[in-house]
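Some notes on the structure that comes next.
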Amino acid sequence: METQTITSPSGVAIQYVENVLEYFPENPLEQPISKAWMWMTDSYTKFQIATWGSLLIHELLYFGMCFPAFMFQFIPFMKKFKIQQNTPETFEKQWKCFKLLMFSHFCIQLPMIASTYMYTEMFGIPYSWEEMPRWYDIGGRVFLCAVIEDTWHYWIHRLAHDKRFYKYVHKVHHYYQTPFGMTAEYAHPFETLILGMGFFWGILLFSNHVVMLWAWVAVRLLETIDVHSGYDIPYINVFHLIPGYGGAKFHDFHHFNFLGNYASTFTWWDWMFGTDWQYKEYYAKRAKLAGSKKAGKAE
18 METQTITSPS GVAIQYVENV LEYFPENPLE QPISKAWMWM TDSYTKFQIA
68 TWGSLLIHEL LYFGMCFPAF MFQFIPFMKK FKIQQNTPET FEKQWKCFKL
118 LMFSHFCIQL PMIASTYMYT EMFGIPYSWE EMPRWYDIGG RVFLCAVIED
168 TWHYWIHRLA HDKRFYKYVH KVHHYYQTPF GMTAEYAHPF ETLILGMGFF
218 WGILLFSNHV VMLWAWVAVR LLETIDVHSG YDIPYINVFH LIPGYGGAKF
268 HDFHHFNFLG NYASTFTWWD WMFGTDWQYK EYYAKRAKLA GSKKAGKAE
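Per the working numbering, the very first residue in the sequence shown carries number 18; after that it's consecutive.
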């Protein structure tokens, strides 16, 4: 794998991390992963890897991550983590969501995914194991992609709620007032294209290997399915370790209330522009009510 020796501040930081990692034992999975990766690049063309590989990763991750939250509705223990506990969605509505997703994934998103190959060829994005960046380089670039996407999402999403446009496009996504995992990509085709542009800006700026692109796909899917899952499970959700991460409760309120909490991942844009005031007020009232009930029981 590629070792970076750049003299820029970021290069110095990367070199420092590499020096520290020399004291750690070697990753036992690196050899089998490298063999699998090299087998893939030897067996398939770049077009097949970029197009069908990306589609496969998208579908497996999307429905693989939706499945746990789907199963939670059958597990009584998980109800205490359900955000809107008294408004479950019917199976008919869940099936309707699945059917539209199939149309969106293969008629709208597949052509977008197919452009990945053209992008990697145009900008000379490598596929080889030898040129693959280290994990911390990938992680840093993915984080920057998330910041850019979150910024784009906040402003476009906020515009989509303007009464002049809302009923024509974004209303489709708000068909489900109580979100569940699959609703993450349940949207009007035009919204899929426009909001989806935020995903690609970071790739254009920061992608340095096809694996970095796939890592960003994985993180973005995990994040958006998490915030649409309808369940707030903070103790086992590693995303909550990220400062400013909104999470399921933050975005679930947007579906419940229709207004406010417009950002996709982080809370800082809503905080800076005061579009989270209804969310804060709602949970402050709930906390006050819960405190009053406890005081009443104590008496």
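For every residue, glycine included, the Cβ atom is placed at its ideal position computed from N, Cα and C.
The structure presented is a predicted model; accordingly, all values stated were derived computationally and were not measured.
CA-CA distance, His272 and Ser246? By one-based count along the sequence shown, residue 272 stands at place 255. By one-based count along the sequence shown, residue 246 stands at place 229. Rounded to whole angstroms, His272 to Ser246 spans 12 Å at the Cα level.
Identify every residue that forms a DSSP beta bridge with Lys99. Counting from 1 along the sequence shown, the entry for residue 99 is found at position 82. Lys99 pairs with Tyr248.
Quick one: what does DSSP say Phe160 is sitting in, helix, strand or coil? Start at 1 with the first residue of the sequence shown, and residue 160 comes out as number 143. Helix, per DSSP.
Local Cβ density within 10 Å of Phe91, reported as buried at 16 or more and exposed below that: What you label residue 91 is simply residue 74 of the sequence shown in a count that begins at 1. Flag for Phe91 reads exposed.
For Gln111, report the span of its alpha helix (DSSP H) as first-last. Counting from 1 along the sequence shown, the entry for residue 111 is found at position 94. First-last of the alpha helix (DSSP H) with Gln111: Phe108 to Phe120.
Suppose you measure from the CA of Gly261 to the CA of Trp285; what does that come to, to the nearest Å? Numbered from 1 along the sequence shown, position 244 holds the residue referred to as residue 261. Numbered from 1 along the sequence shown, position 268 holds the residue referred to as residue 285. Taking the straight line joining both Cα atoms gives about 7 Å.
Among His190, Ile211, Arg237 and Met199, whose alpha-carbon lies nearest the alpha-carbon of Arg158? On the sequence shown, residue 158 is found 141 positions in, with the first residue counted as 1. Cα-wise, what sits closest to Arg158 is Arg237.
Return the CA-CA distance between Asn225 and Tyr279, expressed in angstroms with no decimal places. Residue numbering aside, residue 225 sits at position 208 when the sequence shown is read from its first letter. Residue numbering aside, residue 279 sits at position 262 when the sequence shown is read from its first letter. Straight-line Cα distance between these residues: approximately 30 Å.
Return the chain-ordered list of same chain residues with a C-beta closer than 8 Å to the C-beta of Pro251, the five sequence neighbours on each side being excluded. Counting from one through the sequence shown, the residue named residue 251 turns up at place 234. Within the same chain, Pro251 has close Cβ partners His257 and Gly264.
Buried or exposed: Trp294, going by 16 or more other Cβ atoms within 10 Å of its Cβ? Within the sequence shown, residue 294 is the residue found at index 277, counting from 1. Trp294 is exposed by the Cβ-count criterion.
Do the segment 111–122 and the segment 200–213 meet, that is, are 3 or more Cβ pairs less than 8 Å apart? yes
For Phe283, name the three-state secondary structure that DSSP assigns. Your numbering for residue 283 matches position 266 in the sequence shown. If DSSP states are grouped into helix, strand and coil, Phe283 belongs with the strands.
Tell me whether the segment 167–183 and the segment 82–102 touch, counting them as touching only if at least three CB pairs, one residue from each stretch, are closer than 8 Å. no
Going by DSSP, name the residue or residues bridged to Tyr144. Translated into positions along the sequence shown, residue 144 becomes position 127. In the DSSP assignment, Tyr144 is bridged to no other residue.
Bridge partners - Tyr262, DSSP secondary structure assignment: On the sequence shown, position 245 is the one that residue 262 refers to. Answer is Phe283, bridged to Tyr262.
Per-residue DSSP class, three states only, for Lys188: For the purposes of this step, residue 188 is taken as the residue at position 171 of the sequence shown. Helix.
For Cys162, tell me which candidate among Val227, Gly219 and Ser281 has the shortest Cα-Cα distance. Looking up residue 162 in the sequence shown gives position 145. Among Val227, Gly219 and Ser281, the Cα nearest to that of Cys162 is on Gly219.
Mind checking whether Ser51 and Trp231 have CB atoms under 8 Å apart? The sequence position of residue 51 within the sequence shown is 34, counting from 1. The sequence position of residue 231 within the sequence shown is 214, counting from 1. Result no, Cβ atoms of Ser51 and Trp231 do not sit closer than 8 Å.
Own chain residues within Cβ distance below 6 Å of Arg175, not counting five before or after: In the sequence shown, residue 175 corresponds to position 158, counting from 1. Here the set comprises Tyr279.
With respect to 7 Å, is the separation between the Cβ of Asp179 and the closest non-hydrogen atom of the ligand ADP below this value? With respect to the ligand ADP, the structure offers nothing, as it holds no ligand at all.
With 16 other Cβ atoms within 10 Å as the buried cut-off, status of Gly223: Residue mapping note: residue 223 aligns to position 206 of the sequence shown, counting from 1. Rather than Gly, the amino acid found at residue 223 in this sequence is Phe. Answer is buried; the Cβ neighbour count reaches 16.
Report yes if the CB atom of Thr104 is closer than 8 Å to the CB atom of Thr195, and no otherwise. Here the question's residue 104 lines up with position 87 in the sequence shown. Here the question's residue 195 lines up with position 178 in the sequence shown. The answer is yes: Cβ separation under 8 Å.
To the nearest angstrom, how far is it from the Cα of Thr241 to the Cα of Ser60? Here residue 241 is taken as the residue at index 224 of the sequence shown, counted from 1. Here residue 60 is taken as the residue at index 43 of the sequence shown, counted from 1. The alpha-carbon atoms of Thr241 and Ser60 are separated by roughly 33 Å.
DSSP three-state label for Met149, please. Here residue 149 corresponds to residue number 132 of the sequence shown, with the count starting at 1. In this structure, Met149 counts as coil in the three-state DSSP scheme.
Option nearest Phe197 by Cα separation, candidates Thr282, Ser145, Ala177 and Cys114: Here residue 197 is taken as the residue at index 180 of the sequence shown, counted from 1. Taking only the C-alpha atoms, the option nearest Phe197 is Cys114.
So which of Trp69, Met289 and Ser281 has the shortest CA-CA distance to Ala216? In the sequence shown, the residue the question calls residue 216 occupies position 199. Correcting the residue identity first, residue 216 is Phe in this sequence and not Ala. When each option's Cα is compared against that of Phe216, the closest is Ser281.
DSSP-derived helix/strand/coil call for Gln194: Mapped onto the sequence shown, residue 194 falls at position 177. Note: Gln194 maps to coil in three-state DSSP.
Does the Cβ of Lys305 have 16 or more other Cβ atoms within 10 Å, making it buried, or fewer, making it exposed? Start at 1 with the first residue of the sequence shown, and residue 305 comes out as number 288. Exposed, because fewer than 16 other Cβ atoms sit within 10 Å of the Cβ of Lys305.
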